[in-house]
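What the sequence shown shows, in mature numbering (1 follows the signal peptide of the UniProt record, and there is no 0), is residues -17 to -1, 1 to 224, in sequence order.
A short write-up of the structure that comes next.
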Amino acid sequence: MTMISFIKILFIEPLLIYKGCVEPTGSECINNGWTNGNYVTECQGINYIGAFTGGHRITKTFWSPSQKLMKLSFTLAKFDSWDYESVFIYKDGQEIDRITHGPFEGINVCQNLYPDLLDYRSYFYQLPQGQNYITFSLVDNLQADDIESWGIRDIKLQLINHCIDFYSECNYQGQLWRVCQGNQTTSIRQIPFKIKSIYILVSGVQVQIKDPQFKGGIKQTYTTDQTCLDDYHFPKYEQPI
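Rendered as structure tokens:
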């Protein structure tokens, strides 16, 4: 019986660096890490970080890998009557978006005097080499504290087109072989003869290795970074006769 050697990479979930206030209820929304964001409001049994009004600002700094395409997304809820006022979005102090709505936009979800509205937003960015932190802020210019406010939930920071790095030496040194999301099948000619470390970075990824000469031929599955594996030599490519 022929024993097959393979390396398989499964991107099985969204590759999240951060998620916050994604559960409908519980304490997750109040313990969220946003500066000035330790408030929770409820609408139809679902919690939101908020409700904010009267020029309130919330801020959070996120860790991100440099030179990787990232997406920050969230759902902003317009509560009650906005008179074409706005919530402004800032990235590292620069305005990148503003969310503006009128008093009659949306539907009556939260049993307020005026309709409510859910507005999904997402923002892409890529940090330069050597930079690993980015700060986002949201601030409103609402004025009527008693009948207009906002909140956010489903905050996610996601890696886009993530790559798994294989190295021929321990501690991510030596020859590099990279497989990116959407390109999981790679010619055997491109695989280095020896793999000693694997840089995975995020959850939601499985790296599977099976070879008769590695770990007794039992398939190995890795979901976290591997700094120094036992020597794994992928079989050399041989041209069929």
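Ideal placement from N, C-alpha and C gives every residue a C-beta, glycine not left out.
Every value quoted in this text rests on a predicted model; they were computed, and no experiment measured them.
(message) Assuming contact is defined by CB atoms lying nearer than 8 Å, are P7 and G20 in contact in what I supplied?
(response) Not closer than 8 Å, so no.
(request) Go ahead and pull the three-state DSSP assignment for K74. (result) Judged by DSSP in its simplified three-state form, K74 adopts strand.
(request) Starting from the C-beta of I72, find all residues in its chain whose C-beta is less than 8 Å away, skip the five residues before and the five after it, and write them out in chain order. (result) The answer, listed in chain order, is E78, I79, D80, R81, I82, R104, Y106, F119, S120 and L121.
(request) Look at the alpha carbon of residue 258 and the alpha carbon of Q141, and state the distance between them as a whole number of angstroms. (result) There is no way to answer for residue 258, as the model of the chain reaches only from -17 to 224.
(message) Quick check: the Cα distance between C4 and E68, rounded to an integer number of angstroms?
(response) Computed Cα separation, rounded: 25 Å.
(request) Could you pull out every residue in the same chain whose Cβ sits closer than 6 Å to the Cβ of G134, ignoring the five residues on either side in sequence? (result) Spatial neighbours of G134 in its own chain (CB-CB distance under 6 Å, excluding positions within 5 residues in sequence) are listed in chain order as T24, Y31, I32, G33, A34 and A60.
(message) For a quick check, are the C-beta atoms of I181 and V162 less than 8 Å apart?
(response) Against a cut-off of 8 Å, the Cβ pair of V162 and I181 comes out as no contact.
(request) Just list the beta strand (DSSP E) runs in the region 45 to 102, keeping only unbroken ones of 3 residues or longer that don't cross its boundaries, in chain order. (result) Secondary structure in the region 45 to 102: the beta strand (DSSP E) runs of 3 residues or longer, each lying completely within the stretch, are 52 to 63, 68 to 74 and 77 to 84 in chain order.
(message) Please report the straight-line C-alpha distance between D129 and N115, rounded to a whole angstrom.
(response) C-alpha of D129 to C-alpha of N115: approximately 40 Å in a straight line.
(request) Output the distance between the C-alpha atoms of C153 and T210, rounded to the nearest integer angstrom. (result) Going by the C-alpha atoms only, they are around 6 Å apart.
(message) My output table needs one value for K179: the three-state DSSP class, helix, strand or coil.
(response) Assignment of K179 by DSSP, reduced to helix, strand and coil, places it in the coil class.
(request) With DSSP as the reference, please indicate the residues paired to W133 in a beta bridge. (result) Bridge partners of W133: F35 and K61.
(request) Measure the CB-CB distance between G9 and S49 and report whether it falls below 8 Å. (result) Result no, Cβ atoms of G9 and S49 do not sit closer than 8 Å.
(request) Measure from the alpha carbon of residue 237 to the alpha carbon of each residue in I178, R136, H145 and K139, then state which is nearest. (result) Missing from the structure shown is residue 237; the chain here goes from -17 to 224 and no further.
(request) Please report the residue range of the beta strand (DSSP E) in which D123 lies. (result) Y116 to D123 is the extent of the beta strand (DSSP E) around D123.
(request) Please classify P98: is it buried, with 16 or more other beta-carbons within 10 angstroms of its beta-carbon, or exposed? (result) With 16 or more other Cβ atoms inside 10 Å of its own Cβ, P98 counts as buried.
(request) Go to F197, then tell me how far its beta strand (DSSP E) extends in each direction, as first and last residue. (result) Careful: F197 lies outside any beta strand (DSSP E) and carries neither H nor E.
(request) Reducing DSSP to helix, strand and coil, say where Q164 ends up. (result) The answer is coil: DSSP assigns Q164 none of H, G, I, E or B.
(message) Please state the DSSP three-state secondary structure of I(-6).
(response) Assigned with DSSP and collapsed to three states, I(-6) falls in coil, not helix or strand.
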